[in-house]
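Q: Below is the structure I would like to discuss, written out as structure tokens.
There are 2 protein chains.
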Amino acid sequence: MAEYSSILLENAVEELSKLPGIGKKTALRLALHLLSEETCETEKLANALLKMKHNIMLCQRCYNISDEKTCAICSNPHRDENTLCVVADMRDVLAIECTVSFNGLYHVLGGVISPIDGIGPNDLRIAELVRRTQTETINEIILALPATIEGDTTNYYIYKQLSEYKGKITVISKGIAVGDALEYVDEVTLGRSILNRTVFTQK
Amino acid sequence: MAEYSSILLENAVEELSKLPGIGKKTALRLALHLLSEETCETEKLANALLKMKHNIMLCQRCYNISDEKTCAICSNPHRDENTLCVVADMRDVLAIECTVSFNGLYHVLGGVISPIDGIGPNDLRIAELVRRTQTETINEIILALPATIEGDTTNYYIYKQLSEYKGKITVISKGIAVGDALEYVDEVTLGRSILNRTVFTQK
Numbered sequence: 001m002a003e004y005s006s007i008l009l010e011n012a013v014e015e016l017s018k019l020p021g022i023g024k025k026t027a028l029r030l031a032l033h034l035l036s037e038e039t040c041e042t043e044k045l046a047n048a049l050l051k052m053k054h055n056i057m058l059c060q061r062c063y064n065i066s067d068e069k070t071c072a073i074c075s076n077p078h079r080d081e082n083t084l085c086v087v088a089d090m091r092d093v094l095a096i097e098c099t100v101s102f103n104g105l106y107h108v109l110g111g112v113i114s115p116i117d118g119i120g121p122n123d124l125r126i127a128e129l130v131r132r133t134q135t136e137t138i139n140e141i142i143l144a145l146p147a148t149i150e151g152d153t154t155n156y157y158i159y160k161q162l163s164e165y166k167g168k169i170t171v172i173s174k175g176i177a178v179g180d181a182l183e184y185v186d187e188v189t190l191g192r193s194i195l196n197r198t199v200f201t202q203k
Numbered sequence: 204m205a206e207y208s209s210i211l212l213e214n215a216v217e218e219l220s221k222l223p224g225i226g227k228k229t230a231l232r233l234a235l236h237l238l239s240e241e242t243c244e245t246e247k248l249a250n251a252l253l254k255m256k257h258n259i260m261l262c263q264r265c266y267n268i269s270d271e272k273t274c275a276i277c278s279n280p281h282r283d284e285n286t287l288c289v290v291a292d293m294r295d296v297l298a299i300e301c302t303v304s305f306n307g308l309y310h311v312l313g314g315v316i317s318p319i320d321g322i323g324p325n326d327l328r329i330a331e332l333v334r335r336t337q338t339e340t341i342n343e344i345i346l347a348l349p350a351t352i353e354g355d356t357t358n359y360y361i362y363k364q365l366s367e368y369k370g371k372i373t374v375i376s377k378g379i380a381v382g383d384a385l386e387y388v389d390e391v392t393l394g395r396s397i398l399n400r401t402v403f404t405q406k
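Here the protein sequences line up with chains Z and W, keeping their order.
Going by the numbering used here, the first sequence opens with residue 1, and the numbers climb by one from there.
Going by the numbering used here, the second sequence opens with residue 204, and the numbers climb by one from there.
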């Protein structure tokens, strides 16, 4: 790497290149861009990052990230309080919100059971989920965890923990993706999608 | 775009996505990465950016970015003070430093003459270059400006301005890039590289 003429620039590049997917070259481009912009642009960026990091908290009800004690989804009166979607991560909340297909509330576990990563059931918010089924009126719990061994294990564990829960427990469907050509789908997915076939309905 | 559950996150994503080559999705990934890291990581990043923006200055001699009044290159006693490389931009200094092929000093113009962008000769540090040829002992001035119409115009303008300068004025060579297959080189470059052919020497 070339000798930078400025340690300040070097530090900024160093910090930027710690971000995922940002290499030294991209970091340098970003730093030089900030240098060429107005000072207030860099201040706005730095302040937005600091404010986010210092002030963001987890919603007391669903454990999604939030600016208040209760997040915007949980406090929205237009959402269906009786349906709960259980997800591993706050990213999954955003992904499901993008689909505009779900109008209920969420419960963010904070991961899935994964002994190899040292994550056991007690590291996740499963007890909190059980408590919600006791204190809230929930008609359906949708398990929307990743389609991995760990996700399946967590689904099963949650199912066992919810033995006293009287409502419906469902799981999101697995199968071939919309737009997929059959020849390129992996055999496990294709096999399962045949086993889990649904009745064809004319629309 | 999905409704974020946090305005703070939204602001951070907004600011990050103003950076060149960073879209909303990448910005979100970066913001969530910072949220999952220690607070000190975000603070280090924000401080590095602010410090860079607030404290960086231009070298009084070559106008490269610098932490001090005179940059690390200009104040390095091992560099050849008698050879000056004229570049458009501080990025070009880094690019040339990366080649480890040049041991002289630089002069950063701050752009090239480009009437269409409203940049005239007086917006560049050409008068400062002329002054350096009068106050410093310079044997050779290497013009390393972009190989564009604007670069050529600027080369010619500088050449005219340096009419009283007695040293050598050279320009970096243009031709096919190392590793290029002839069939993919554009015809102007290939034509010029034939016109500007050099004597073959066995190494």
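Glycine is no exception: its CB is placed at the ideal position from the N, C-alpha and C atoms.
As the structure is a prediction and not an experimental result, all values here were calculated from the model.
Assuming contact is defined by CB atoms lying nearer than 9 Å, are Z/L84 and Z/E140 in contact in what I supplied?
A: It is a contact, given that the beta carbons lie within the stated cut-off.
Q: Less than 7 Å between C-beta atoms, sequence neighbours within five positions excluded: which residues of the same chain meet that for W/Q364?
A: Closer than 7 Å at the Cβ level, and outside the excluded window around W/Q364, lie I329, V333.
Q: Closer than 9 Å, CB to CB, is W/I375 near chain Z or not?
A: Cβ-Cβ to chain Z under 9 Å: no for W/I375.
Q: Tell me which residue opens and which closes the beta strand (DSSP E) that W/Y368 is part of.
A: First-last for W/Y368: undefined, no H or E at that position.
Q: Taking C-beta pairs closer than 8 Å, name the residues in chain W that Z/T26 reaches, listed in chain order.
A: Within 8 Å Cβ-Cβ: G224.
Q: Which chain Z residues are close to W/R276, counting only those with a beta carbon under 7 Å from its beta carbon?
A: According to the sequence as given, residue 276 of chain W is Ile; it is not Arg. By Cβ distance, chain Z contributes S5.
Q: Over the uninterrupted beta strand (DSSP E) stretch that includes W/R389, give me the two end residues.
A: Position check: residue 389 of chain W holds Asp in this sequence, whereas Arg was assumed. Per DSSP, W/D389 belongs to no beta strand (DSSP E) and is neither H nor E.
Q: Quick one: what does DSSP say Z/N103 is sitting in, helix, strand or coil?
A: DSSP places Z/N103 in coil when its eight states are reduced to three.
Q: Give the residues from the region 300-327 of chain W that approach chain Z closer than 7 Å (Cβ to any Cβ), ordered along the chain.
A: Within the region 300-327 of chain W, the qualifying residues are E300, C301.
Q: Quick check on the DSSP output: the beta strand (DSSP E) that includes Z/I141 runs from which residue to which?
A: Counting along the chain, the beta strand (DSSP E) containing Z/I141 begins and ends at 140-143.
Q: Please list, in chain order, the chain Z residues whose beta carbon lies closer than 9 Å to that of W/K187.
A: Outside the shown range of chain W, which is 204 to 406, sits residue 187 of chain W, and nothing can be said about it.
Q: Anyone know if the C-beta pair for Z/A48 and W/N250 falls short of 9 Å?
A: The answer is no: Cβ separation not under 9 Å.
Q: What residues of chain Z sit near W/K254, judged by a beta carbon separation below 9 Å?
A: Ordered by position in chain Z, the residues that pass the 9 Å Cβ test against W/K254 are L8, N11, A12.
Q: What does a CB cutoff of less than 6 Å around Z/K25 pick up in its chain, not counting 5 residues either side in sequence?
A: Within the same chain, Z/K25 has no close Cβ partners at all.
Q: Below 8 Å between beta carbons is the criterion; list the residues of the region 31-59 of chain Z that meet it against any residue of chain W, in chain order.
A: Going along the region 31-59 of chain Z in chain order, one finds A31, L32, H33, L34, L35, T39, E41, T42, E43, K44, L45, A46, N47, A48, L49, L50, K51, M52, K53, H54, N55, I56, C59 with a Cβ nearer than 8 Å to chain W.
Q: Bridge partners for Z/S114 per DSSP, in chain order?
A: Paired residue(s): Z/I119.
Q: Identify every residue that forms a DSSP beta bridge with Z/D80.
A: According to DSSP, Z/D80 bridges with Z/G104.
Q: Just verifying my parser: in three-state terms, what is the DSSP assignment at Z/S6?
A: Correct three-state label for Z/S6: coil.
Q: W/S366 versus chain Z: which residues are under 8 Å apart at the beta carbon?
A: Chain Z residues near W/S366: none, gap ~31 Å exceeds 8 Å.
Q: Just grab the DSSP bridge partners of W/V290 for me.
A: Bridge partners of W/V290: W/V311.
Q: In this structure, how does DSSP classify W/S220 when only helix, strand and coil are distinguished?
A: Three-state result, W/S220: coil.
Q: According to DSSP, simplified to helix, strand and coil, what is Z/L246?
A: Residue 246 of chain Z lies beyond the range of chain Z shown here (1 to 203); nothing can be said about it.
Q: Buried or exposed: which applies to W/A380, given that a residue is buried once 16 or more other Cβ atoms fall within 10 Å of its Cβ?
A: Under this definition W/A380 is an exposed residue.
Q: Closest to Z/Q134 by CA distance: which of Z/S6, Z/N82, Z/E68 is it?
A: Here the closest residue by C-alpha is Z/N82.
Q: When you compare the CB of Z/K18 with every CB in chain W, is at least one pair closer than 9 Å?
A: It does; some Cβ of chain W falls within 9 Å.
Q: Once you ignore the five residues that flank W/I345 on each side, which residues in its own chain have a CB closer than 6 Å to its CB?
A: Contacts found: C288, T373.
Q: Z/M1 by DSSP, collapsed to three states: which one?
A: Note that Z/M1 has pLDDT 44, beneath the 50 cutoff, so the model's placement of it is unreliable and no number is given.
Q: Check distances from the C-beta atoms of the region 278-296 of chain W to those of chain Z and list, in chain order, the residues that come in under 8 Å.
A: If the cut-off is 8 Å between Cβ atoms, the region 278-296 of chain W has M293, R294, V296 near chain Z.
Q: Does chain Z have any CB closer than 9 Å to the CB of W/M204?
A: With a pLDDT of only 44 at W/M204, under the threshold of 50, the placement of this residue in the model should not be trusted; the figure read from the coordinates follows. Judged by the 9 Å Cβ criterion, W/M204 is in contact with chain Z.
Q: Please list the partners that W/R232 has in chain Z, where partner means a Cβ-to-Cβ separation under 8 Å.
A: Those are P20, G21, listed as they occur along chain Z.
Q: Can you pull the chain W residues whose beta carbon is under 7 Å from the beta carbon of Z/S66, in chain order?
A: Simply S208, S209.
Q: Tell me the residue span of the alpha helix (DSSP H) that contains Z/S173.
A: Premise fails: Z/S173 is in no alpha helix (DSSP H) and is neither H nor E.
Q: Per DSSP, W/M260 forms a beta bridge with which residues?
A: W/S269.
Q: At least one CB of chain Z closer than 9 Å to the CB of W/A331: is that the case?
A: What sits at residue 331 of chain W in the sequence shown is Glu, not Ala. Taking Cβ atoms only, chain Z never reaches closer than 9 Å to W/E331, which makes this a no.
Q: Could you confirm whether any beta carbon from chain W is found closer than 9 Å to the beta carbon of Z/E15?
A: Output row for Z/E15: interface = yes.
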